[in-house]
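Residue numbers 1 to 262, in the UniProt record's numbering, belong to the letters of the sequence shown in order.
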Amino acid sequence: MIAPKQSHLSNMDLWKQWKEEELIEAKKSLIEYYIPLVDFVSNRLAIGLPKNIFKEDLVSYGIMGLIDAIEKFDYQRGLQFETYASWRIRGAIIDGLRQGDWVPRSVREKAKKIEDAYQKLEQKHLRSVTDVEISQFLQISEAEFQQMVQDVAITTICSIDEPIREEESETRLSLLIDEKAKNPEHKVNEFFLKETLEKAIERLTEKERIVVSLFYFDELSLSEIAEVMSLSPSRISQLHSKAILRLKGTLGRMKIQLFNEQ
């Protein structure tokens, strides 16, 4: 992750001045210190967004998230502020985009159709299905399917972070719980989530796995992944979208199976 700008005061000094003395100047210094986090998260979320969504808007939403994080963060708990703030910034950007109704209903419906198709076909065949099989299931040409994937790319910007319980608003912040404070139920849920995600990733095609790994684990940009894989940025965006939709389909199926067994 990009390192924050350095300050003439230590990080801890700034936190003490802001939290204990409520010095506004200290708060401003913290905002300036951590502003690179906003650029980092904004650049990550920008993948696949339509041209009518401007980077300046993402940064504006993100700055509000950063300010909120600085106001609410308890520096004495020993948690990493960068992790906490990144989730707050990301959440603020996504909330801002959602409030702006940035994804047409028709696009969301297309994404749901593809996700359902992956879920049903891979449950039936117990393997990764091809674009041809998906196209036939949807009763469209392969070219039309590829266009659908391109159209729904904008809906996949946050799916990987909340694949099973995206309807629960606290899911993102639940990852920030102190390791020492985890209860048995949390450990079981965490184990299930990791195991389920591993199985879902195994169902991806080789290229999709590479894109997911480079993007989410190595944190390469879209253009950097395109250069590594000798593919166009649009092709990388398409692979990313299919990977996320395939993961959501697999995870959704496993969630249903889990609840049916209970």
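Positions of the beta carbon are idealized from the N, C-alpha and C atoms, including for glycine.
Return the first residue and the last residue of the alpha helix (DSSP H) that residue i is part of.
i: residue 69; result: 55 to 72
i: residue 95; result: 81 to 99
i: residue 39; result: 24 to 45
i: residue 106; result: 105 to 125
i: residue 264; result: The structure shown does not extend to residue 264, since the chain is modelled only from 1 through 262, so no value can be given for it.
i: residue 134; result: 131 to 138
i: residue 209; result: 206 to 212
i: residue 218; result: Note, residue 218: premise wrong, no alpha helix (DSSP H); not H, not E.
i: residue 143; result: 142 to 151
i: residue 17; result: 11 to 21
How many angstroms separate the CA atom of residue i from the CA atom of residue j?
i: residue 205; j: residue 128; result: 7 Å
i: residue 143; j: residue 130; result: 13 Å
i: residue 86; j: residue 121; result: 36 Å
i: residue 95; j: residue 226; result: 29 Å
i: residue 89; j: residue 98; result: 14 Å
i: residue 14; j: residue 112; result: 46 Å
i: residue 245; j: residue 149; result: 9 Å
i: residue 63; j: residue 12; result: 21 Å
i: residue 35; j: residue 66; result: 8 Å
i: residue 21; j: residue 76; result: 15 Å
In chain order, what residues of the same chain have a beta carbon less than 7 Å from the beta carbon of residue i, not counting five sequence neighbours either side?
i: residue 117; result: 134, 137, 138
i: residue 18; result: 26, 27, 30
i: residue 23; result: 17
i: residue 132; result: 142
i: residue 243; result: 204, 208, 211, 212
i: residue 232; result: 226
What's the call for residue i, buried or exposed, on a 16-neighbour Cβ count within 10 Å?
i: residue 248; result: buried
i: residue 311; result: Because residue 311 is not part of the residues shown, which for the chain are 1 to 262, the question remains open.
i: residue 72; result: exposed
i: residue 5; result: Reliability fails at residue 5, whose pLDDT of 48 lies under 50, so the model's placement of it is uncertain and the value that follows must be treated cautiously. When all chains shown are included, residue 5 counts as exposed.
i: residue 115; result: buried
i: residue 106; result: exposed
i: residue 119; result: buried
i: residue 78; result: exposed
Once you ignore the five residues that flank residue i on each side, which residues in its own chain have a CB closer than 6 Å to its CB?
i: residue 200; result: 247, 250, 251
I'd like the list of long-range same chain contacts for residue i, defined as Cβ closer than 8 Å, with 5 residues on each side in sequence excluded.
i: residue 59; result: 38, 39, 42
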